Structure formats: structure tokens, C-alpha cells
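As C-alpha cells, the structure follows; a few thoughts come after it.
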Amino acid sequence: MIAGGTGITPMLQIINAILKDPNDSTKISLLFANQTEDDILLRDELDKLAKQHEDRFQIWYTLDKMAIGWKYSTGYITDEMIDAHLPKAGADTAILMCGPPPMINFACVPNLEKLQHAKENYFSF
């Protein structure tokens, strides 16, 4: 999953549905982009879910503007971020994206293509 700003809201619904189902073994990786650390919506809830479900849900943040002591990424979504924090391309991998159209069109899609993710395996909404 890749979310930008308020694009986290539909992602959280999907994350909760997956994690609440004891029969669902789906593993979730979320790359969440924001302008500043203060802009990160639902951070406490996301971090809590990641801690409660370490084996099934991982989250990585990136900011446009670096904060002092920031331990995550800075800058726009890159192929290196996707490669390091999301599943590798494959038939059993789906990449869901929700965020501003420029982020999807100019950062996410070109970098997914660069990493050889098949178009039928990524979706934006």
C-alpha cells in the first residue's frame, strides 16, 4: 500500500478489515507520505496496529520536509523506498495506492514500473 495525506482513510478501512479477520493471512506493508510530521493522520492508530500485528503489518513513513530526529525517509516516493518497504513484484502481490494524483502519476506508477510490478497488480483510488 502507498498512501499520501488523506489517502490513508480508505487504506485504514482495508487494513482493519484484514487484521480483524483471523482467517486472513494477508501481509500488509504501508508506505505513507506526508508533508510534515504533524500532517501524519492517524499515526497513533497506525503505529498501534503495527505493534499489535508485527507479523502482518509494517509501516514506513516519508516526509517532504525533514523533522529533527526523524528516523524514516525524507522526500518523494522513490523506487528505493518501494523496493525497501513494499513486497517485491509478483503474481501474489497487489499494490494499492491512494493520494494526490501527482503523487500517484509521477512518483508511484513510474517507480512501480521501474521495479517491474505488472500494471494488473497495482490499483489507485
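If you use full-length UniProt numbering, the sequence shown corresponds to residues 1 to 125, in order.
Note that the Cβ used here is the ideal one computed from N, Cα and C, for glycine as well.
Predicted model, so just to flag it, every value in this text is computed and none were measured.
Beta-bridge pairing of residue i - partner residues as DSSP gives them
| i | result |
| --- | --- |
| Ile8 | Bridge partners of Ile8: none, in fact. |
| Ile59 | Leu30 |
| Thr78 | BP columns for Thr78 are empty, so no partner. |
| Ser124 | Met97 |
| Ser25 | Answer is none; Ser25 lacks a bridge partner. |
Contact with chain D by residue i, beta-carbon distance below 8 Å
| i | result |
| --- | --- |
| Glu80 | Here chain D cannot be found, since the structure has a single protein chain. |
Supposed close pair residue i, residue j - CB separation, criterion 8 Å
| i | j | result |
| --- | --- | --- |
| Asn111 | Thr62 | Wrong, their Cβ atoms sit about 12 Å apart, outside the cutoff. |
| Asp83 | Leu115 | 6 Å |
| Ile28 | Ile15 | 6 Å |
| Gly69 | Asn34 | In fact, because the Cβ distance is near 16 Å, the residues do not count as touching under 8 Å. |
Under 8 Å between C-beta atoms of residue i and residue j
| i | j | result |
| --- | --- | --- |
| Ile2 | Leu31 | yes |
| Leu19 | Leu49 | yes |
| Phe123 | Leu96 | yes |
| Thr36 | Lys71 | no |
| Pro10 | Cys98 | yes |
| Tyr76 | Ala118 | no |
Residue i - DSSP class collapsed to helix/strand/coil
| i | result |
| --- | --- |
| Met97 | strand |
| Ala3 | strand |
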